[in-house]
Every structure is written in structure tokens, then in C-alpha cells.
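Asker:
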Amino acid sequence: MKTLVKTSIKLLFRSKAFWFFLVLMPILSTFILTLKFDSSAAFGDGNEEKIIELANADEKVAYRGGKGEYLIKVYDASGSDLSEYFLQKICDSGMFLVHRADLTKDDIKDQVNEEFITDHIEKDGYEDRMGVAIYLTPDFDEAVLDGDYRKALTIYVLSKDSRTEVLEDEMAFQLSRIKDLGTIDALEKVDEYIPEKTIETVAGGDGRNLTTTQINQKTQMGYAFSFLTLGFVFCGIFVAHASIKEQKNGVLTRINLTKASTLQYFVSKFITGFVIAVMFAAIESVCSIMLDFDDLGMNRFKFIGMIFLMGLIFSSLSMLIGILLGDIMSSNVAAFTIWCMSALLSGLYFPLNYTSNALKVLSFLMPQKWFVTGAEMIFVGDNNAFPMLICITAAYLAVIISLGSLGLKIRRTDSWGNS
């Protein structure tokens with residue numbers, strides 16, 4: 132057994148491509164974890180009570196309503212404090228997502244006319260998806276204070292949604308308040324006597340409530356896991372390359388003649404995968420010197436432990452697939468496919484909360500899904516995270532070793548039958 136392991140490791144270390152993936156992927160994943168970005172828009176968190184500013188009037192809003200929110204697109208040609216207050220109060224109701232295109236900018240305000248608005252509303256109706264579009268005129272303040280609401284704004288209903296009536300009632304209420312009180316100061320003084328709204332989110336089942344910061348940490352962790360998975364699968368496939376050559380050159384047959392079983396041979400390859408996982412964890416631990424673990428949401432030991440366990444699964448899995456395929460080119464394609472599909476279906480790139488039940492079930496077959504779930508559990512202080520990850524890793528490895536040994540026996544039987 133020791134001889135088999137030493138030989139496999141020596142062959143592996145001679146490969147320059149192996150060192151490329153072993154060193155580069157931890158560096159890239161660490162770089163991703165050092166970046167600061169806001170992913171709340173993609174996850175639909177934190178935008179419900181804020182006016183979402185559009186880059187221009189042509190920007191679409193359809194992709195921002197993943198949970199079925201009532202979307203409103205506002206063409207704001209007023210840009211006044213009262214129009215800002217009016218739109219913010221619509222947001223504060225908690226039922227609508229308000230997206231504003233600022234038409235008061237110097238580069239566009241001279242183009243704004245009736246034809247401009249009509250053309251954009253027509254595009255919204257055919258090329259976008261929203262509940263209503265609202266045009267706030269340049270005379271918004273004067274018109275509202277005079278009670279001429281038709282002159283202040285125009286509402287374009289673009290969908291059949293019962294919530295439109297609720298929006299119209301809310302708008303009428305806020306416009307009447309602005310007309311009666313007249314100034315921002317008076318409106319804000321009255322608002323001080325309104326009970327402050329607090330939102331309590333209750334998670335059901337296995338759900339976990341994550342703050343915006345934790346959502347950002349989870350998103351970064353997902354991208355880092357994607358790069359690491361690429362390194363794991365290709366480092367594992369290099370072990371498979373050596374095994375494929377050994378099978379074709381009759382080395383495996385000679386090994387079996389020494390009374391070493393097929394299972395022992397495969398276990399030696401698995402131990403090589405274990406060494407790969409250890410090396411990945413060691414290199415990542417060195418790279419993690421650049422990380423602030425307070426920003427990461429977990430300590431160094433848990434972070435490195437997760438990488439080691441995930442590396443153990445993927446290096447073994449890709450090695451198994453490569454050995455069973457018995458062809459170097461096919462194994463490379465398989466490794467790339469494993470990386471792409473597992474990362475995509477596990478939700479590393481975007482959330483799968485609102486996909487079909489079939490995709491959700493398929494997602495739980497992907498190892499990364501469990502490690503992202505484990506990261507969430509660590510973020511919220513759940514001490515069961517690592518026991519769960521260890522059990523998941525053991526389950527995957529048991530299946531991999533069993534299938535690998537069986538697959539090699541079948542391949543040997545086929546080769547003898549063909550010969």
C-alpha cells in the first residue's frame with residue numbers, strides 16, 4: 132500500500148499542470164474573499180424600502196422582482212424634495228419596489244417631452260415587466276399643492292394586478308397629505324407621531340435569517356468555493372490520468388498478481404486524493420493571512436476545515452470518474468462538466484430559492500450546496516455545522532470508494548472478456 136501511494140504521489144508531483152491548479156486556485160479564491168461588494172440586489176434583500184436608482188430611462192426593471200414583488204418604474208422629471216418624499220413614502224409601505232429614472236440630469240432633461248415619455252411607456256409595455264409606470268412632471272410641487280393631481284403625475288397601468296388598487300389608494304393618501312401640510316418640515320413633524328414600523332422576519336423549518344452582511348459573506352464564499360472546486364476536480368483528474376496509463380500499460384494487472392486487491396489499489400489513489408486535500412488546505416491557510424476573518428464571518432480553523440473536507444470529496448470524485456472512463460480526453464471533459472454543473476446547480480452563482488422543486492432536489496445532490504449551508508450555520512452560530520459537514524463528507528466518500536472499487540472490477544472483467 133505504501134509503495135502504491137508513494138508512486139502515485141511522485142507521478143503527480145511531476146505534473147506542471149497539477150502545480151498550476153494547486154497554487155493558482157487558492158490564490159484566486161483568497162482574492163475573491165478580499166473583495167467588498169453588495170449582493171443584496173441579487174438576493175432581493177434590503178431594497179424593499181429604498182428607492183432603487185436606475186442608470187438611465189432605458190434600463191429594465193423586470194429582473195429585479197424575483198420574488199414576485201410589485202414593480203414600479205418612475206420617470207422623475209421633478210427632482211424636488213416633495214417628489215422624493217412622495218416616492219419614499221410609497222417605498223415605506225413595504226408593498227412596492229420603486230425604481231426611479233432621473234430625468235432632471237443635464238444630459239437628458241432637454242429631451243423630455245410627451246413623445247419621449249410615450250415611447251418609453253410603449254417599450255415598458257412590450258419589453259419590460261412591471262405593475263405601473265409613473266411620470267412625475269416638472270411642475271409636480273405646484274400642481275400637488277394646488278390639488279391638481281392630474282397635472283402633477285400620470286400613472287400608466289401595465290399589468291392586471293389587484294395590488295394596483297392598493298397603490299392608487301396609497302398614492303392618493305400621500306398626495307392629500309402633501310397638499311394639506313405643504314412643506315417637508317411639516318410632513319416630517321407629523322411623521323414623528325406615527326408609530327415606528329419594525330420588521331421581524333421569522334424563519335420556518337431549517338431556514339436561517341441572515342443579515343445583509345452575512346448574505347454578502349455567503350455570496351463571496353460561494354464564488355470562492357467555485358474556484359476551489361475547479362482546482363479540486365482537476366488535481367483529482369491528474370491522479371486519474373496516472374491510473375488510466377497504469378491500466379493501459381498493464382501495471383494494474385501486475386499489481387493484482389502481487390496479491391494486492393483492486394480495492395487496495397483504489398484506496399491508494401484515494402489516499403493520494405487525501406494528500407491533495409491536505410496540500411490545498413495548507414496553501415489556502417498561507418493565503419488566508421491576507422483575510423480579515425471578522426469580515427469573513429468565521430474563524431480560520433473552520434474555514435480551512437471546510438476547504439479540506441470539500442477538497443477530499445471533489446478530488447476523490449473526479450479521480451473516480453476519470454478512472455472509470457479510462458480515457459484522458461474524456462476524463463478532462465468530465466472534470467470540467469462536474470465543475471460547471473455542480474457549481475451552477477448548488478447555487479454558488481445565484482440563489483435557487485425560487486426555482487422549481489426538481490432543481491431544488493437536484494441542488495441537494497451537489498456537495499457545494501451542503502458546504503454553503505454549513506457556512507450559513509456557522510454565520511448564525513449553529514454548532515452543528517461541522518458535525519453535519521463531516522457526516523456529509525463521510526457519506527460521499529463511502530459512495531465514491533464503493534463505486535470506484537466496483538467500477539474497476541467491471542472494467543477488468545470487460546477487458547479480460549474482450550481479450
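Numbering-wise, this note's numbering comes out as the position in the sequence shown, counting from 1, plus 131.
Here a beta-carbon is modelled for each residue, glycine too, at the ideal position from N, C-alpha and C.
Predicted model only: the values in this text are computed from it and were never measured.
In chain order, what residues of the same chain lie with their CB nearer than 6 Å to the CB of I402, ignoring the 5 residues before and after it?
Answerer: V136
Asker: DSSP on F149, reduced to helix/strand/coil?
Answerer: For F149, the three-state secondary structure derived from DSSP is helix.
Asker: Kindly indicate the opening and closing residues of the beta strand (DSSP E) around A188.
Answerer: Here A188 belongs to no beta strand (DSSP E), and DSSP marks it neither H nor E.
Asker: Ends of the beta strand (DSSP E) at V229?
Answerer: V229 -> beta strand (DSSP E) spans F227 to D233.
Asker: Spatial neighbours of G548 within its chain, please: CB distance less than 7 Å, with the 5 preceding and 5 following residues excluded, ordered by chain position.
Answerer: Note that G548 scores 44 on pLDDT, short of 50, meaning its location in the model is unreliable; the coordinates nonetheless yield the value given after this. Taken in chain order, the list of residues that qualify is empty.
Asker: The alpha helix (DSSP H) that contains K491, what's its start and end?
Answerer: N488 to S494
Asker: For N556, count neighbouring C-beta atoms within 10 Å of its own C-beta (all shown protein chains included) and say buried if the count is 16 or more, exposed if not.
Answerer: The question about residue 556 has no answer, for the chain in this structure spans 132 to 550.
Asker: Taking the beta strand (DSSP E) that V511 falls in, what are its first and last residues?
Answerer: First-last for V511: undefined, no H or E at that position.
Asker: Go ahead and pull the three-state DSSP assignment for A208.
Answerer: coil
Asker: Determine the DSSP secondary structure at L306, reduced to helix, strand or coil.
Answerer: helix
Asker: Alpha carbon to alpha carbon, what distance is there between D270 and L312?
Answerer: 18 Å
Asker: Use the C-beta contact count for T342: other C-beta atoms within 10 angstroms, 16 or more gives buried, fewer gives exposed.
Answerer: By the Cβ neighbour-count rule, T342 is exposed, with fewer than 16 other Cβ atoms within 10 Å of its own.
Asker: Counting C-beta neighbours from all protein chains within 10 Å, is the total for E507 16 or more, i.e. buried, or is it exposed?
Answerer: The residue is buried, with at least 16 neighbouring Cβ atoms inside 10 Å.
Asker: Under three-state DSSP, which class holds Y480?
Answerer: coil
Asker: Could you round the C-beta distance between G443 and T524 to whole angstroms and report it? I think they count as a contact, below 8 Å.
Answerer: Residue 443 is actually Leu in this sequence, not Gly. About 6 Å separates the two Cβ atoms, so the contact holds.
Asker: According to the neighbour-count rule (16 or more other Cβ atoms, all chains shown, within 10 Å of its Cβ), is D272 buried or exposed?
Answerer: buried
Asker: Cβ atoms of A148 and N187: under 8 Å apart, would you say?
Answerer: no
Asker: Identify every run of the alpha helix (DSSP H) within the stretch 235-300, keeping only runs that are complete inside it and at least 4 residues long; order them along the chain.
Answerer: 245-258, 271-276 and 280-283
Asker: Could you check which residue in V263, D189, D237 and P326 has the C-alpha nearest to that of G210?
Answerer: It is D237 whose Cα lies nearest to the Cα of G210.
Asker: How is the alpha helix (DSSP H) around S419 delimited, first residue to last?
Answerer: It is not in any alpha helix (DSSP H) - S419 carries neither H nor E in the DSSP assignment.
Asker: Where DSSP assigns a beta bridge to Y201, which residues make up the other side?
Answerer: By DSSP's assignment, Y201 forms a beta bridge with F227.
Asker: Alpha carbon to alpha carbon, what distance is there between I532 and L490?
Answerer: 27 Å
Asker: For my contact list, G478 and V503 are in at a C-beta cut-off of 8 Å; report their separation, rounded to the angstrom.
Answerer: 7 Å
Asker: Out of V530, M352 and S473, which has the shortest C-alpha to C-alpha gap to L552?
Answerer: With the chain covering 132 to 550 only, the question about residue 552 has no answer from this structure.
Asker: Along the chain, where does the alpha helix (DSSP H) that runs through R431 open and close?
Answerer: R431 to L456
Asker: Less than 8 Å separating the beta-carbons of M441 and F356?
Answerer: yes
Asker: Touching or not, the stretch 359-367 and the stretch 151-158, by the rule of three or more beta carbon pairs under 8 Å?
Answerer: yes
Asker: Helix or strand or just coil, what does DSSP make of I375?
Answerer: helix
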